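Q:
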Amino acid sequence: MNKSELAQVLALQADIPENEATLYVDVFFYQMRRALLDGNRVEIRGFGSFKIKNYAPYTGRNPKTGELVDVKPKKLPFFKAGRELKEFINKE
Numbered sequence: 052m053n054k055s056e057l058a059q060v061l062a063l064q065a066d067i068p069e070n071e072a073t074l075y076v077d078v079f080f081y082q083m084r085r086a087l088l089d090g091n092r093v094e095i096r097g098f099g100s101f102k103i104k105n106y107a108p109y110t111g112r113n114p115k116t117g118e119l120v121d122v123k124p125k126k127l128p129f130f131k132a133g134r135e136l137k138e139f140i141n142k143e
């Protein structure tokens, strides 16, 4: 499911215009991104949590040439599935 499909489902289930549903979905994801950029953890009960992990710089190796390469520090989003989501997916 992509973002526009999510907006369509929201519009149908909430009986609202699709452009309004699209706005709600956009605001939701924008606020999640803002919270992560501000260093906050985002938790959606029953689904999971998102946080930013910081990775230190390191020296890597180019697999083609074997040359040493300096890899800059970076931040990456990390998702941890919640217990209820794991149980739902593994339900038989």
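Counting in the working numbering, the sequence shown tops out at residue 143, every number present. The beta-carbon is built from N, C-alpha and C at its ideal position, and this holds for glycine as well. All values derive from a computational prediction rather than experimental measurement.
How should A58 be labelled, buried or exposed, when 16 other C-beta atoms within 10 angstroms of its C-beta is the threshold for buried?
A: Here residue 58 corresponds to residue number 7 of the sequence shown, with the count starting at 1. Label assigned to A58: buried.
Q: Quick one: is V76 buried, meaning 16 or more other Cβ sit within 10 Å of its Cβ, or exposed?
A: Position 25 of the sequence shown holds residue 76. Classification for V76: buried.
Q: Residue ranges of each beta strand (DSSP E) run of no fewer than 3 residues wholly in the stretch 88 to 125, ordered along the chain?
A: Here the runs fully enclosed are 93 to 95, 99 to 106, 109 to 112, 119 to 122.
Q: If you check the beta carbons only, do M83 and F98 fall under 8 Å apart?
A: By 1-based counting over the sequence shown, the position of residue 83 is 32. By 1-based counting over the sequence shown, the position of residue 98 is 47. Cβ atoms of M83 and F98: not closer than 8 Å.
Q: Report buried or exposed for A132, applying the criterion of at least 16 other Cβ atoms within 10 angstroms of its Cβ.
A: Sequence index remark: in the sequence shown, residue 132 carries index 81 (1-based). By the 10 Å Cβ count, A132 comes out exposed.
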